[in-house]
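So that you can map any letter, position 269 of the sequence shown is 700 in this note's numbering, and since no number is skipped, the others follow by simple counting. C-beta atoms are modelled at their ideal positions from N, C-alpha and C, and glycine is treated no differently. Encoded as structure tokens, the structure appears first; notes follow it.
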Amino acid sequence: MRKLNRITVVGASLAGLRAVQALRREGFEGELMLIGAEAHTPYNRPPLSKSVLQGDDDVSLPGAEELGEDWLRGRLAVSLDPTGKVVTLDDGSAVRYDGLVIATGARPRRLADHPEGVHTLRTIEDSLALRAELNAGHQRVVVIGGGFIGGEVASTAQALGHQVTLVDSAPHPMLTAFGADTARWLAQHHRSNGVELISGTRVVGFEGGPRVTAVRLSDGRSIPADLVVAGMGVTPNTEWLESSGLTLNDGVVCDATLYAQGASDIVAAGDVVRWPHGLYGDALVRVEHWSNANDQGTVAALNLLAGPENAKPFADLPSFATHVHGARIQSAGLPHLADEAMLVAGAFEEGRFAVGLARNGVLVGAVAVNSPKDLIRLKRGITSGSPLGAVPA
């Protein structure tokens with residue numbers, strides 16, 4: 432372990448928390464500063480689009496209670512000076528460091544001019560505000576975007592008795608994330624559970640004022656809405672780094688060990704980092720899933736302590752899980768890289784199946800619906816570089 436006197440972690444969500452825990456567990460004895468934009472102790476975000484909307488307020492994140500009160504909450508980082516090793520905060524204060532962990536996450540994309548009744552979902556406040564609106568009896572809910580947030584919100588709102596319309600720009604929801612076969616199944620799954628699905632068109636604006644009454648589509652249609660949830664993906668929070676000289680390209684560009692490109696004292700973790708993945712020919716990837724932030728926070732912190740010369744590459748297999756209308760959907764790897772897919776277990780019409788996805792005949796991704804054991808063997812195949820037709824038993 433190299434000698435560092437002061438480590439600063441910017442971002443107090445999952446990746447930042449795991450970095451702090453790893454530093455303490457490894458015996459770091461210097462000064463440790465955690466800076467968080469929210470006033471809350473770090474909490475679990477996946478329940479925000481599911482159980483919290485249904486009335487369950489448990490978003491506890493194991494280990495968060497260990498932080499106590501000895502950290503900066505409700506403070507935004509606004510700039511970074513890598514030469515002087517200083518992070519400047521929104522109140523003008525300067526925080527110095529010998530080692531820095533960037534874990535500032537991402538924020539939801541927004542359309543311009545959101546009227547009242549249009550929501551995004553990222554924080555606990557967002558979820559509670561949306562829950563209050565759902566409980567107020569607004570019956571016509573339009574969800575923009577069929578990704579995992581949009582799909583979960585559509586599923587939850589429908590289960591609560593609302594009339595739900597899901598608008599997605601792709602031919603089928605989660606087409607890139609799951610591949611054509613599973614995306615086609617998911618589209619039918621939404622429809623068979625009472626969600627009106629409008630595919631292949633975009634929302635271009637809103638009607639009404641001050642409260643939304645409809646959404647306007649790119650094909651000229653207008654869809655009535657009492658409540659709108661925009662789930663159009665996220666943008667990494669890197670604006671505060673624009674004058675830092677760090678390489679930014681859809682995130683903080685890092686090397687395989689999560690060190691910011693060209694830096695020997697700065698690492699990054701979670702939704703904000705883009706790095707070359709060893710399982711995929713060092714293709715630059717940015718992964719927004721819970722498991723990635725959970726694991727990267729730890730590895731980034733340990734690599735910071737080890738120093739660049741002793742740091743270990745981060746090449747964990749990306750994985751993701753969601754529940755939509757009662758179905759458990761899991762994915763692994765990078766299905767969007769695939770040029771071929773094959774059903775390896777179950778049947779689409781039964782709602783239990785697993786699909787292997789390959790590029791040049793070699794497994795690069797997998798999707799399983801209500802079939803967790805099949806996903807496990809497909810994950811083994813991805814990590815071992817198995818051909819699509821030779822999935823491990």
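Per DSSP, cross-strand counterpart(s) of residue i
i              : result
leucine 503    : Ile466
methionine 773 : Gly787
proline 655    : Ala645
glutamine 761  : Ala752, Ala799
threonine 666  : Arg538
proline 818    : Val793
leucine 511    : Val518
glutamate 829  : The structure shown does not extend to residue 829, since the chain is modelled only from 432 to 824, so the question has no answer here.
leucine 715    : Pro707
Pairwise C-alpha distance: residue j and residue i
i              : j             : result
serine 675     : leucine 520   : 14 Å
leucine 628    : glycine 530   : 48 Å
alanine 534    : alanine 700   : 5 Å
tyrosine 690   : leucine 559   : 36 Å
proline 478    : arginine 652  : 33 Å
methionine 432 : leucine 465   : 21 Å
alanine 758    : histidine 603 : 17 Å
aspartate 522  : arginine 790  : 50 Å
valine 526     : alanine 537   : 22 Å
glutamate 780  : valine 793    : 26 Å
glutamate 564  : proline 641   : 15 Å
valine 800     : alanine 694   : 42 Å
aspartate 557  : arginine 476  : 11 Å
histidine 621  : glycine 662   : 16 Å
Residue i, buried or exposed, once every other Cβ within 10 Å from all chains shown has been counted against 16
i              : result
alanine 714    : exposed
lysine 804     : exposed
threonine 607  : exposed
valine 584     : buried
valine 635     : exposed
threonine 514  : exposed
glutamate 719  : buried
asparagine 566 : exposed
aspartate 544  : exposed
aspartate 686  : buried
8 Å contact criterion, which residue i and residue j should meet: CB distance rounded
i              : j              : result
glycine 461    : glycine 442    : With a Cβ gap of about 19 Å, glycine 461 and glycine 442 do not count as contacting.
isoleucine 575 : valine 660     : 7 Å
glycine 582    : methionine 605 : 7 Å
leucine 736    : glutamate 457  : 6 Å
threonine 814  : lysine 743     : The pair is not a contact, with the Cβ atoms about 16 Å apart (cut-off 8 Å).
proline 667    : aspartate 702  : 6 Å
proline 539    : valine 665     : 6 Å
tyrosine 474   : isoleucine 580 : At roughly 16 Å, the Cβ-Cβ gap does not stay under 8 Å, so tyrosine 474 and isoleucine 580 are not in contact.
aspartate 681  : arginine 647   : About 28 Å separates the two Cβ atoms, so there is no contact after all.
alanine 618    : serine 630     : 7 Å
valine 572     : alanine 450    : Going by Cβ atoms, the distance from valine 572 to alanine 450 rounds to 37 Å, so no, they are not a contact pair.
Report task. Spell out a yes or no on whether the region 585 to 592 and the region 474 to 491 are touching, meaning 3 or more CB-CB pairs, one atom from each, closer than 8 Å. Result -> yes
Report task. Decide if the region 594 to 607 is in contact with the region 645 to 659; the criterion is three or more beta carbon pairs, one per stretch, under 8 Å apart. Result -> yes
**Report entry** Inter-stretch contact (C-beta, 8 Å, three-pair minimum) for the region 798 to 817 and the region 737 to 754
**Finding:** yes
Requested in this report: Check whether the region 761 to 768 touches the region 722 to 734, taking contact to mean three or more Cβ pairs, one atom from each stretch, closer than 8 Å.
Outcome: no
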